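Participant:
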Amino acid sequence: MSDPAPLPAELPVLATVACPYCSAVVPDARYCGACGAHLAAADGFRAAQRLHSYAAFPDEPVFRLAVVTSLFPHLSHRAKAPFRAGFGLVLVLVLVFALAGTSGPLIAISALGVPLLFVLYIWEVDPYEGSFLPPTFLCLVIGAALGAGWAVVGGSYVDKALLPSLFPSLTSGSSVIAAIAVPGIAQLLMCVPMLVVRSMQRGRIESLDGFVAGATGALGFTLAATVDLMAPWLSNGQLTHQSFLANVTQVILRGVTLPLVSALATGFVGAAFWAKTGAVSTSAKGEWIASPLVALVVAVIIQVGLGFADIAALSDAVLIGVNLAALGVLTLAMRAGIHHVLLHEALEVGVGPPRVCPNCVHIVPAMAFCPQCGVADRAVARPHRPSGMWLAGAAPSSPGELT
Ligand SMILES: [Zn+2]
Ligand SMILES: [Zn+2]
1484 MSDPAPLPAE LPVLATVACP YCSAVVPDAR YCGACGAHLA AADGFRAAQR
1534 LHSYAAFPDE PVFRLAVVTS LFPHLSHRAK APFRAGFGLV LVLVLVFALA
1584 GTSGPLIAIS ALGVPLLFVL YIWEVDPYEG SFLPPTFLCL VIGAALGAGW
1634 AVVGGSYVDK ALLPSLFPSL TSGSSVIAAI AVPGIAQLLM CVPMLVVRSM
1684 QRGRIESLDG FVAGATGALG FTLAATVDLM APWLSNGQLT HQSFLANVTQ
1734 VILRGVTLPL VSALATGFVG AAFWAKTGAV STSAKGEWIA SPLVALVVAV
1784 IIQVGLGFAD IAALSDAVLI GVNLAALGVL TLAMRAGIHH VLLHEALEVG
1834 VGPPRVCPNC VHIVPAMAFC PQCGVADRAV ARPHRPSGMW LAGAAPSSPG
1884 ELT
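Numbers 1484 to 1886, taken from our numbering, label the letters of the sequence shown in order.
#1: Please confirm whether M1711 and A1634 have their CB atoms less than 8 angstroms apart.
#2: What residue ranges within the stretch 1666–1731 form continuous alpha helix (DSSP H) runs of no fewer than 4 residues, ordered along the chain?
#3: Just the C-alpha distance for R1868 and A1594, rounded to the nearest angstrom, thanks.
#4: Less than 7 angstroms between the CB of A1710 and some heavy atom of ligand 1, yes or no?
#5: I think L1534 touches P1544, with their Cβ atoms under 8 angstroms apart; what is that distance to the nearest whole Å?
#6: In its own chain, which residues sit with a C-beta less than 7 angstroms from the C-beta of G1822, not counting the 5 before and 5 after it?
#7: Please decide whether P1837 counts as near chain D, where near means a Cβ-Cβ distance under 8 angstroms.
#8: Would you list the residues whose beta-carbon is nearer than 5 angstroms to any heavy atom of ligand 1, in the order they occur in the chain?
#9: Indicate, with yes or no, if ligand 2 has a heavy atom lying under 7 angstroms from the CB of H1845.
#10: Within 10 Å of its beta-carbon, does L1649 have 16 or more other beta-carbons around it, so buried, or fewer, so exposed?
#11: Could you have a look at R1838 and say whether DSSP puts it in helix, strand or coil?
#12: Where does Y1640 sit, in a helix, a strand or coil, going by DSSP?
#13: Who are the near neighbours of F1756 in its chain, counting only those whose CB is closer than 6 angstroms to its CB and skipping five residues on each side?
#14: Mind checking whether the beta-carbon of V1858 lies closer than 7 angstroms to any heavy atom of ligand 2?
#15: Kindly list the residues whose CB is nearer than 7 angstroms to the CB of A1498, restricted to its own chain and excluding five residues on each side of it in sequence; keep chain order.
#16: Could you tell me whether the stretch 1695–1703 touches the stretch 1745–1759, where touching means 3 or more Cβ pairs closer than 8 angstroms?
#17: Do you know how far the Cα of L1813 is from the Cα of C1622?
#18: Can you grab the Cα-Cα spacing for the pair A1583 / L1574, in whole Å?
#19: Taking only heavy atoms of ligand 2 into account, decide whether any of them is closer than 7 angstroms to the Cβ of N1806.
Set out below in structure tokens:
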């Protein structure tokens, strides 16, 4: 875990301005520190919605197909490169072990690669404020138990649907169960661990904590399901009897796209659920884009769509294409939702002590958004936030009082 940035002693006197979007009196800078609007943007809609500047990583647009900054929204700017390298390493190892024909390591990296990266991320950003182990362990274990059970029960339906038939049909009874019920129920089960953690969580509740809990439970689920479904590879000669492309397709689906789709989808359901039920005031609560139910419906639709793709006898290349397309659509939808929640989660008008922004490294007053780069404070890992940020009476009452 990295150390918090050292705090500077004082800030020079700052000019202030009334934000045209939220009416708060804030430091006259590029972004409104209270509502996050991009004050430097000329267009009103562009400034307030700031689709060109993702609230968790303002140097990226909201609609960008980026794995690391989507799956790890709390990550600091400087930690992006190691996690990108870690994700690249998982992909390389998957291909190397598939080429080498070694089943054991291939199953291990497929099952553990993405979950391990996510646990490292939790360790790095410390969303549970020091109590890293209990909630993470709980999410992983409950998710894994449900995932193992689901693989045993649901896997047989998928196998039946994949068996050669004289009259192959995507609408036969076993196909419908395999394509709709199995992935749909799996998605619902993935949400169970986060509900347990939410019922135990006290104190300050933030939407990105829900993202962490949701994604952790989903990754525990996919970890166990992948081990269960790939374990026969150890004895049935899968790697020698099937073509290299068929094996790589299976490994990419099981070890890369399934965990990513599940973690992003369930993570966003968690973020929306935390925003809805949390103590933090947020004007996103009533809007459809931040609704846990809408997030869950989107997640189930994508999982069911992938369920049909699985049993539709598509070629390997098309199957990978469909899964990557689904991952792309889900990434964009989830980033739009998280961006909206972050922009509306903290409208408290307060000015805390000066600090070094962990995203842009400028010395700025601690506010809901960095006045210089616009990063949402809720997307900054807690160890990087100054304690006692919202000081009583620290909010400026008129222009010119900020120091
Ligand atoms: Zn504002
Ligand atoms: Zn900044």
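The C-beta atom is built at its ideal place from N, Cα and C for all residues, glycine as well. Quick caveat: nothing in here was measured; it's all calculated off a predicted structure.
Facilitator: Short version:
#1: The sequence given here has Asp at residue 1711, not Met. Cβ distance < 8 angstroms, so D1711 and A1634 count as in contact.
#2: 1675–1683, 1690–1713, 1716–1719, 1721–1724
#3: 34 angstroms
#4: Residue identity differs from the one stated: residue 1710 is Val in this sequence, not Ala. Incorrect: V1710 has no Cβ contact closer than 7 angstroms to ligand 1.
#5: 6 angstroms
#6: The sequence as given places His at residue 1822; Gly does not occur at that position. For H1822, where only same-chain residues beyond five positions count, the Cβ hits under 7 angstroms are Y1537, A1538, V1545.
#7: Given the protein chain composition of this structure (a single chain), no chain D is represented.
#8: C1502, Y1504, C1505, C1515, A1517, C1518, A1520
#9: yes
#10: Residue placement at L1649 cannot be trusted, given a pLDDT of 49 that sits under 50; what the coordinates show is reported in the next sentence. Exposed: under 16 other Cβ atoms inside 10 Å.
#11: strand
#12: helix
#13: G1693, P1775
#14: yes
#15: D1511
#16: yes
#17: 22 angstroms
#18: 14 angstroms
#19: no
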